[in-house]
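The numbering of the sequence shown is numbering that gives the first Met the number 0, which starts it at 0 and goes up by one. Ideal placement from N, C-alpha and C gives every residue a C-beta, glycine not left out. Computed from a predicted model, the values in this text were never measured in an experiment.
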Amino acid sequence: MKPRMTFFILTLLPCFSSTGTLRAQALNEEKLINRLQQLDVNLLSDRTREQLSQMLVKHAQERLEAANQRSSQEWQQISSREQWESHKRKCLEALRTSLGQFPAAPEDLHLRVTRTLPGEGFQVDNLVFESRPGLWVSANLYRPDPQPESMPGILLCHSHHNPKTQGELQDMGMTWARLGCLVLVMDQLGHGERRQHPFVSANDYSGQFAVGRQDYYFRCNTGIQLHLIGDSLMGWMVWDLWRGVDLLLSRQGIDPKRIILLGSVAGGGDPVAVAAALDERITAAVPFNFGGPQPETPYPLPANAEDSFNYAGSGEWESTRNLRLSCRDGFLPWVIVGGIAPRRIIYAHEFSWDQEHDPVWKRLQRVYADFYGKPDSLDYTHGFGVLQGRPPQASHCNNIGVPHRQRIHATFKRWFDIPASQADEYQKRFDADELICFKEEIVRELKPVKMHELASSLAEERMRHARSEVSQLAPAARLTRLQDRWQSLLGSVQPGKGEMLRVQKNLNGSDGFEVERIVLETEPGIIVPLVILRPGGQVPAPIVLGVGQSGKAGFLRERTALVAELLMGGVAVCLPDLRGTGETSPGNSRGRESADNSISSTELMLGETLVGERLRDLRSVLRFLRSRSDLDASRIAVWGDSFAPANLPDRDLRIPLGVPEESGLSEPLGGLLALLAALYEKDVLVVYARGGLIGFKSVLQSQFCYLPHDVVIPGVLTVGDLCDLAGALAPRPVRLEGLVDGLKRRAELKTVASEHEPARQAYAFASASEHLVLADPADDSAVAQWLLESLLGR
Numbered sequence: 000m001k002p003r004m005t006f007f008i009l010t011l012l013p014c015f016s017s018t019g020t021l022r023a024q025a026l027n028e029e030k031l032i033n034r035l036q037q038l039d040v041n042l043l044s045d046r047t048r049e050q051l052s053q054m055l056v057k058h059a060q061e062r063l064e065a066a067n068q069r070s071s072q073e074w075q076q077i078s079s080r081e082q083w084e085s086h087k088r089k090c091l092e093a094l095r096t097s098l099g100q101f102p103a104a105p106e107d108l109h110l111r112v113t114r115t116l117p118g119e120g121f122q123v124d125n126l127v128f129e130s131r132p133g134l135w136v137s138a139n140l141y142r143p144d145p146q147p148e149s150m151p152g153i154l155l156c157h158s159h160h161n162p163k164t165q166g167e168l169q170d171m172g173m174t175w176a177r178l179g180c181l182v183l184v185m186d187q188l189g190h191g192e193r194r195q196h197p198f199v200s201a202n203d204y205s206g207q208f209a210v211g212r213q214d215y216y217f218r219c220n221t222g223i224q225l226h227l228i229g230d231s232l233m234g235w236m237v238w239d240l241w242r243g244v245d246l247l248l249s250r251q252g253i254d255p256k257r258i259i260l261l262g263s264v265a266g267g268g269d270p271v272a273v274a275a276a277l278d279e280r281i282t283a284a285v286p287f288n289f290g291g292p293q294p295e296t297p298y299p300l301p302a303n304a305e306d307s308f309n310y311a312g313s314g315e316w317e318s319t320r321n322l323r324l325s326c327r328d329g330f331l332p333w334v335i336v337g338g339i340a341p342r343r344i345i346y347a348h349e350f351s352w353d354q355e356h357d358p359v360w361k362r363l364q365r366v367y368a369d370f371y372g373k374p375d376s377l378d379y380t381h382g383f384g385v386l387q388g389r390p391p392q393a394s395h396c397n398n399i400g401v402p403h404r405q406r407i408h409a410t411f412k413r414w415f416d417i418p419a420s421q422a423d424e425y426q427k428r429f430d431a432d433e434l435i436c437f438k439e440e441i442v443r444e445l446k447p448v449k450m451h452e453l454a455s456s457l458a459e460e461r462m463r464h465a466r467s468e469v470s471q472l473a474p475a476a477r478l479t480r481l482q483d484r485w486q487s488l489l490g491s492v493q494p495g496k497g498e499m500l501r502v503q504k505n506l507n508g509s510d511g512f513e514v515e516r517i518v519l520e521t522e523p524g525i526i527v528p529l530v531i532l533r534p535g536g537q538v539p540a541p542i543v544l545g546v547g548q549s550g551k552a553g554f555l556r557e558r559t560a561l562v563a564e565l566l567m568g569g570v571a572v573c574l575p576d577l578r579g580t581g582e583t584s585p586g587n588s589r590g591r592e593s594a595d596n597s598i599s600s601t602e603l604m605l606g607e608t609l610v611g612e613r614l615r616d617l618r619s620v621l622r623f624l625r626s627r628s629d630l631d632a633s634r635i636a637v638w639g640d641s642f643a644p645a646n647l648p649d650r651d652l653r654i655p656l657g658v659p660e661e662s663g664l665s666e667p668l669g670g671l672l673a674l675l676a677a678l679y680e681k682d683v684l685v686v687y688a689r690g691g692l693i694g695f696k697s698v699l700q701s702q703f704c705y706l707p708h709d710v711v712i713p714g715v716l717t718v719g720d721l722c723d724l725a726g727a728l729a730p731r732p733v734r735l736e737g738l739v740d741g742l743k744r745r746a747e748l749k750t751v752a753s754e755h756e757p758a759r760q761a762y763a764f765a766s767a768s769e770h771l772v773l774a775d776p777a778d779d780s781a782v783a784q785w786l787l788e789s790l791l792g793r
């Protein structure tokens with residue numbers, strides 16, 4: 000059944016008592032502005048507004064539940080090894096594609112040992128190796144001394160709590176090395192010696208901040224930046240792990256049939272599970288807190304957990320926990336873990352584990368026992384207590400604790416003949432400084448690049464490729480190609496179809512304009528409140544449609560004079576609150592831990608983007624406006640705006656994350672949607688974007704970025720940038736004004752011109768150079784004049 004789109008006119012509010020045509024010469028502009036400022040544009044009661052603040056959460060939750068049901072139904076249809084292998088292959092291929100583009104595996108890791116530390120029955124090599132051109136990995140290699148003829152290889156992936164030098168990691172490295180294993184402990188991308196920020200100690204910033212959490216917090220920036228180039232933080236972490244496996248396999252005496260990956264409790268198990276599922280060289284994996292119940296999951300599980308368990312998880316800012324497209328394409332975490340079979344798995348949990356009711360455990364048992372006949376290749380380990388408990392009531396650890404290792408030792412002895420027990424635990428730890436790999440002379444010699452620098456280079460390469468593919472196309476074909484490419488990134492952008500209901504006719508306003516308050520349902524459960532301000536007496540009236548994160552209230556608060564001049568010029572103004580904006584906003588916060596970020600991350604799991612969904616809403620509004628005889632649908636302008644103040648040029652933006660003085664985020668949604676609306680709607684004749692983003696590539700200029708997650712479009716820099724989007728609109732009038740960069744700083748006009756050279760060339764080719772305006776913020780009168788001239792030909 001097609002979704003029904005319904006339009007409800009809630010209130011018709013004639014603002015003033017007399018009728019008549021809006022005449023600029025007869026109206027006092029100041030009086031009109033005052034009237035607009037006093038206008039109450041809220042359509043919803045407090046109770047309804049509170050309910051609709053949860054609209055997007057509910058909408059996402061319903062689709063997560065549907066994804067869980069689909070996964071369970073697919074599982075129930077599998078009754079043989081062949082069927083499981085076919086399902087696994089399809090899901091893992093989709094998983095690999097979702098991670099992004101991988102380079103060719105390096106023939107030479109360019110490994111450098113920078114120091115060797117002696118120990119009792121072992122040695123530690125501090126080393127670096129190159130996983131991508133210019134991107135170096137710091138690692139500690141724990142070696143048996145003396146070295147046996149044959150050694151298992153163990154790779155430890157640390158948590159987001161601590162880098163490779165943390166004590167539990169040292170304990171495992173030393174213990175297993177003393178027992179004849181080669182153990183590699185690497186710094187994950189963005190952590191330890193590979194951190195992407197300068198805040199190493201409390202002395203690195205004048206204010207108070209969480210020193211030990213900065214590596215973790217900056218994962219948010221890294222994840223956003225890698226999404227923009229079509230890659231993912233998970234993909235880059237997995238790539239590094241595979242190169243760590245290369246390193247282990249290159250060592251003399253290594254046993255290729257005993258390659259083991261262990262992933263720590265918080266953010267280490269995620270990449271280990273993915274790496275092991277996609278790389279058959281890995282013999283066994285121990286992914287903590289991935290695939291089944293999480294530390295946050297209520298314990299014990301309900302008796303009906305098979306039906307009620309959330310196999311998909313849900314979105315949050317740390318992108319390794321909610322993989323893009325996982326719900327759409329079926330590679331839920333439990334499928335990834337099961338995809339490691341028939342190779343060995345230790346199913347690992349940080350705290351208490353309800354083995355009896357865990358539905359994922361039951362599925363894994365069936366895979367190993369029934370499909371492969373290898374029940375002994377599956378084992379488990381777990382801690383005690385719950386997340387809210389404190390030691391000694393709960394087995395909190397930073398990576399993998401002693402309680403968890405007891406059963407791991409027993410299982411490794413049975414599987415790999417590693418003779419370890421609790422009595423063999425060795426804990427004479429090194430000082431963290433002794434395990435540092437990047438000595439000053441090595442840094443000078445190797446000149447390691449930051450992640451954002453490499454990402455920026457990759458973005459340039461991918462944009463060049465995209466532009467070369469369309470450069471020979473005619474303008475109409477180029478527009479079609481861009482529409483297809485952007486839709487492949489945005490998700491569904493088609494407006495809803497269905498019945499439109501009207502309750503009451505418009506009434507004339509006494510001061511020359513009418514106010515109409517409408518609630519539009521763009522798809523089941525999605526409500527878009529909007530206001531139409533229409534000049535009285537002029538039928539049909541041209542339309543300027545204003546969109547932005549702050550919604551209709553923001554426009555009437557911040558751009559009142561511009562709205563007034565448009566009305567006085569005979570143009571209707573439509574101001575909608577697209578989903579999750581204005582009256583339906585899920586909250587005031589827009590940062591890393593906000594509801595907006597969580598919802599946006601969940602949408603990526605579901606194969607959608609909030610940008611794409613809001614574009615659907617905008618196109619639905621346009622469809623509604625076209626249906627009205629009192630509006631001129633042949634003359635439509637879309638005005639996208641941001642009311643977030645730009646950062647001053649001299650402001651130091653090297654600020655730790657999670658501090659009160661952290662800069663606010665930019666709000667480029669309005670300008671982005673204005674361009675996209677014109678891309679898909681031919682009757683959008685004019686685009687005006689103010690305070691938008693100069694380009695997504697500017698987000699890669701620094702390890703700091705101030706871009707809200709809900710405007711992130713994964714892969715956007717593989718199809719071009721906003722300049723290419725603007726260029727595709729030639730010869731339609733486009734005005735881009737007061738643009739900001741990824742640090743929310745006002746971009747200089749010469750920089751804007753340089754970045755928009757592809758758009759300028761497109762307009763020159765269309766003999767319409769004067770229709771592309773790149774400007775600093777102008778006063779309302781100048782903008783109103785430009786809009787009226789462009790829309791009405793005056």
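| query | Does the beta-carbon of R389 have 16 or more other beta-carbons within 10 angstroms, so that it is buried, or is it exposed? | reply | exposed
| message | With three or more C-beta pairs closer than 8 Å as the rule, is the segment 660-671 touching the segment 768-783? | response | no
| query | How long is the line joining the alpha carbons of T750 and C722, rounded to whole angstroms? | reply | 12 Å
| N-terminal and C-terminal residue of the alpha helix (DSSP H) that T96 is part of | R80 to L98
| request: Inspect the beta-carbon positions of V285 and I228 and report whether they are closer than 9 Å. | output: no
| message | Can you find the residues in the same chain that come closer than 7 Å, C-beta to C-beta, to L43, ignoring five residues on each side of it along the sequence? | response | L51, P528 and E582
| field | N-terminal and C-terminal residue of the alpha helix (DSSP H) that I693 is part of | value | I693 -> no alpha helix (DSSP H), and no H or E assigned at all.
| message | Let me check one thing: in DSSP terms, what residues is H348 bridge-paired to? | response | H381
| request: Please list, in chain order, all residues of the same chain as E788 whose beta carbon is under 8 Å from its beta carbon, the five residues on each side excluded. | output: none
| query | Looking at C-alpha atoms only, which residue of D107, A265 and A368 is the closest neighbour of E317? | reply | A265
| said: Tell me the rounded alpha-carbon separation between L9 and C573. | reply: Its pLDDT being 42, under 50, L9 is placed unreliably in this model, and the coordinates cannot settle the point.
| field | 8 Å contact criterion, which R578 and R627 should meet: CB distance rounded | value | The Cβ separation is near 22 Å, so there is no contact.
| field | Nonlocal neighbours in the same chain, by C-beta distance under 6 Å from L94, ignoring five residues either side | value | F330
| query | What is the DSSP secondary structure of Q213, reduced to helix, strand or coil? | reply | helix
| request: Give me whichever residues DSSP pairs with F370 in a beta bridge. | output: Beta-bridge pairing links F370 to no other residue.
| Between the beta-carbon of S134 and the beta-carbon of L155, is there less than 9 Å? | Note on identity: in this sequence residue 134 is Leu, with Ser being the wrong assignment. It is not a contact, given that the beta carbons lie outside the stated cut-off.
| task | Can you check DSSP and say which residues form a bridge with F121? | result | P143
| Using DSSP with H/G/I as helix, E/B as strand and the rest coil, what is T717? | helix
| On the three-state DSSP scale, how would you describe L457? | helix
| request: Quick one: give me the first and last residue of the alpha helix (DSSP H) that A763 is part of. | output: E756 to F764
| field | Option nearest C90 by Cα separation, candidates T282, E515 and V273 | value | V273
| task | Quick one: using the 10 Å Cβ neighbour count with 16 as the cut-off for buried, is H464 buried or exposed? | result | exposed
| request: Thinking I542 and L624 are a contact (beta carbons under 8 Å), I'd like their distance in whole angstroms, please. | output: 6 Å
| Hey, is the segment 731-749 in contact with the segment 689-698, meaning 3+ C-beta pairs nearer than 8 Å? | yes
| query | Measuring CB to CB, does R250 end up less than 9 Å from L181? | reply | yes
| Since A265 is in the alpha helix (DSSP H), which residue starts that stretch and which ends it? | Element bounds for A265: n/a, residue is neither H nor E.
| query | Since V743 and L664 are thought to touch, with beta carbons under 8 Å apart, how far apart are those beta carbons, to the nearest angstrom? | reply | The sequence shown places Lys at residue 743, not Val. Indeed they touch by this definition, with Cβ atoms about 7 Å apart.
| Where F437 sits in the DSSP three-state scheme | coil
| Excluding five sequence neighbours on each side, which residues of the same chain lie with their C-beta closer than 6 Å to the C-beta of F411? | I417
| If we cut at 9 Å on Cβ distances, does D203 have a partner in chain C? | Absent here is chain C; the protein component of the structure consists of one chain.
| Continuous alpha helix (DSSP H) stretch holding E607: start and end | Per DSSP, E607 belongs to no alpha helix (DSSP H) and is neither H nor E.
| query | By how many angstroms is the C-alpha of M567 removed from the C-alpha of N41? | reply | 23 Å
| request: Would you mind giving the Cβ-Cβ distance between G535 and F554, rounded to the nearest angstrom? I have them listed as a contact below 8 Å. | output: The pair is not a contact, with the Cβ atoms about 20 Å apart (cut-off 8 Å).
| query | Would a C-beta distance cut-off of 9 Å place S599 and G314 closer than the cut-off? | reply | yes
| task | Return helix, strand or coil for F429, following the three-state DSSP convention. | result | coil
| query | Exposed or buried, G291, counting other C-beta atoms within 10 Å across all chains shown (16 or more means buried)? | reply | buried
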